[in-house]
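> So the mapping is simple: the numbering used here equals the position in the sequence shown, first residue as 1, plus 3.
Here's a structure for you.
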Amino acid sequence: MYQVGIKNKFRASHFLIGDFAEETLPHEHEYLVEWICSTNVLDENGFSVDIAVLEEELQRLIDDIQGKRLNDLEFFKDRQVSVENLAHFVCTALVDALNRRSFSLRSIQEFQVKIWESETAWAAYLQT
């Protein structure tokens, strides 16, 4: 299986709901997003996925959420703003963006988004 990935950063704030001490207060992270696409085939040029398209869609999403309070996004209306749910949100948004572009997803077996909220802590969401 082939994998192609890109990464980018954004800053956003959030707070947790429940008994999580200081995490219940609004605070900011600089998140690192990794987006990985897995395929079993290459095209006639020897490529699996158009990296430029991935970069463009990730940047578009980052522009939309940069500096925002994640709790205010509709996706998190009834969800905890955990890094796991953030990875789910980002992955879903990126796959939806590719679908809106009529980007051929036939060759892509898996999408994975990994979100780093610090240099040592991350969570991922895998969509098959």
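Backbone N, C-alpha and C define an ideal beta-carbon position, used for all residues, glycine too.
#1: List the residues that DSSP assigns as beta-bridge partners of residue 129.
#2: Mind the definition here: the segment 13-22 touches the segment 92-111 only if three or more C-beta pairs lie below 8 Å; say whether that holds.
#3: DSSP state of residue 120, grouped into three classes?
#4: How about residue 11 and residue 52: do their beta carbons lie closer than 8 Å?
#5: Does DSSP put residue 31 in a helix, in a strand, or in coil?
#6: According to DSSP, is residue 102 helix, strand or coil?
#7: Taking just the CA atoms, how far does residue 81 sit from residue 6?
#8: Would you call the segment 45-63 and the segment 101-108 in contact, with 3 or more CB pairs under 8 Å?
#9: Pick from 28, 71, 48, 39: whose alpha carbon is nearest that of residue 13?
#10: Just to confirm the assignment, what range does the alpha helix (DSSP H) spanning residue 9 have?
#11: Please report how far the alpha carbon of residue 120 lies from the alpha carbon of residue 93, in whole angstroms.
Reading off the structure:
#1: 115
#2: no
#3: coil
#4: no
#5: strand
#6: helix
#7: 33 Å
#8: yes
#9: 71
#10: Taken as a continuous stretch (DSSP letters only), residue 9 belongs to no alpha helix (DSSP H), being part of the beta strand (DSSP E) at 5-17.
#11: 14 Å
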